[in-house]
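Numbering (our numbering), first residue to last: 9 to 268. Everything on this sheet refers to the single structure shown next.
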Amino acid sequence: MLSTQQINKFNEDGYLIFDTQIPELILDSISERLQPYWGHDGKKFEGVPYADFNRIQDGWRVDKDIKTIATFPAILAVLKDLYGRQPKPFQTLNFYKGTEQKIHSDSIHFNSEPFGLMCGVWVAFEDISMEQGPLLYYPGSQKLPEMNFEQMGLEPDYKNYPQYEAYLEQLIVDQALQPSYGVMKKGQAVIWAANLLHGGSKQTNKALTRQSQVTHYYFKGANPWRPGHSQDKRAYFTPEWIPYDLPKPSLSERIRSWFK
Numbered sequence: 009m010l011s012t013q014q015i016n017k018f019n020e021d022g023y024l025i026f027d028t029q030i031p032e033l034i035l036d037s038i039s040e041r042l043q044p045y046w047g048h049d050g051k052k053f054e055g056v057p058y059a060d061f062n063r064i065q066d067g068w069r070v071d072k073d074i075k076t077i078a079t080f081p082a083i084l085a086v087l088k089d090l091y092g093r094q095p096k097p098f099q100t101l102n103f104y105k106g107t108e109q110k111i112h113s114d115s116i117h118f119n120s121e122p123f124g125l126m127c128g129v130w131v132a133f134e135d136i137s138m139e140q141g142p143l144l145y146y147p148g149s150q151k152l153p154e155m156n157f158e159q160m161g162l163e164p165d166y167k168n169y170p171q172y173e174a175y176l177e178q179l180i181v182d183q184a185l186q187p188s189y190g191v192m193k194k195g196q197a198v199i200w201a202a203n204l205l206h207g208g209s210k211q212t213n214k215a216l217t218r219q220s221q222v223t224h225y226y227f228k229g230a231n232p233w234r235p236g237h238s239q240d241k242r243a244y245f246t247p248e249w250i251p252y253d254l255p256k257p258s259l260s261e262r263i264r265s266w267f268k
C-alpha cells in the first residue's frame with residue numbers, strides 16, 4: 009500500500025514515481041522479442057492496430073508479457089490506492105527510443121465523465137538518463153481547468169491540434185510552470201493524472217534507446233469519450249478492455265460490503 013505521503017504527493021504534483029517490482033526477466037524478454045521490429049528497416053509487427061519504427065500499440069493482444077505489465081498486481085494496487093476505484097486497462101504503447109513528443113494532457117485523447125477518471129502508467133525497461141530524452145511533466149498542472157478543444161475556443165477536431173499545442177506552450181509561460189524529468193531506474197514506473205501536462209524531452213544522444221511501456225487506464229464508473237472525435241456531440245466509446253482477474257477482497261473489505 010502507498011503511504012499517506014505518497015498519496016499526498018500524487019494529489020499535489022499529479023504524478024508519482026514508484027518501484028513496480030516487475031521481474032527483470034519480463035522486461036528483458038519483451039525488449040528481446042521486440043528488437044527485430046524497431047528501426048526503419050525493422051520487420052512489420054502484425055496483429056495490432058498500429059506499429060511503426062518506434063511505437064507498437066496494443067502489443068498486449070499478441071504478447072503475454074506486455075499484458076502482464078498492463079495488469080501487474082502491484083501497479084493495479086497503487087492505482088486503486090490513488091483513485092479509490094478499480095482500474096481498467098485499455099491500451100498499451102511500447103517504445104524503443106524517446107519520442108520528443110510535444111506537451112499535451114491525455115484528456116485531449118481519452119476523456120471521461122466524471123472528469124479525471126483516467127491515467128497513464130509509464131514503465132522503464134532500462135535505466136533512463138537525461139541523454140535519452142526522458143519524459144517531462146509539469147508538476148501541479150493537473151489542477152488547471154480541463155484543457156480540451158472547447159475550453160480553448162476551438163472546434164473539437166484533430167485538425168486543430170497544432171493550435172491546441174500552441175495554446176499549451178503559452179499557458180506554460182503564463183503560469184510560469186517548471187518541468188520535472190523522468191530520470192528513472194529500470195523497473196520503476198511513473199503514474200500521471202489525465203490532466204497533467206507532459207511530453208518527451210529532447211534526446212541529446214540519438215544512439216541511446218529509451219525502451220518502455222505505457223498503459224492507459226480508466227477507472228470503474230468512468231464514461232469514456234474522445235474529444236478529437238466529438239465534432240457534433242461527445243463521442244462516447246467502449247474501449248477494448250485488457251482482461252485480468254480481480255484480486256479477492258480482504259476480510260475487512262468483505263465485512264464492509266455487508267453493511268453497504
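C-beta: ideal position from N, C-alpha, C; glycine also.
Any chance you could list the alpha helix (DSSP H) runs of at least 4 consecutive residues sitting entirely within the region 133–195, in chain order? 169–182
For the structure I just gave you, are there three or more beta carbon pairs, one from the region 90–109 and one from the region 148–163, closer than 8 Å? no
With distances taken between CB atoms, is the gap from Tyr146 to Leu90 smaller than 9 Å? no
State the beta-bridge partners of Pro95 as determined by DSSP. Phe227
Relative to the C-alpha of Tyr226, which residue among Pro97, Arg218, Asp36, Gln65 is closest? Pro97
N-terminal and C-terminal residue of the alpha helix (DSSP H) that Ile116 is part of: No alpha helix (DSSP H) contains Ile116, which DSSP labels as neither H nor E.
For a test of the three-state rule: what should DSSP assign to Glu40, helix, strand or coil? helix
Are the beta-carbon atoms belonging to Thr223 and Ile77 less than 9 Å from one another? yes
Is the separation between the beta-carbon of Ile64 and that of Phe80 shorter than 9 Å? no
Quick check on the DSSP output: the beta strand (DSSP E) that includes Gln65 runs from which residue to which? 63–65
By how many angstroms is the C-alpha of Tyr175 removed from the C-alpha of Val181? 10 Å
C-beta contact flag for Gly22 and Gln150 at 9 Å: yes
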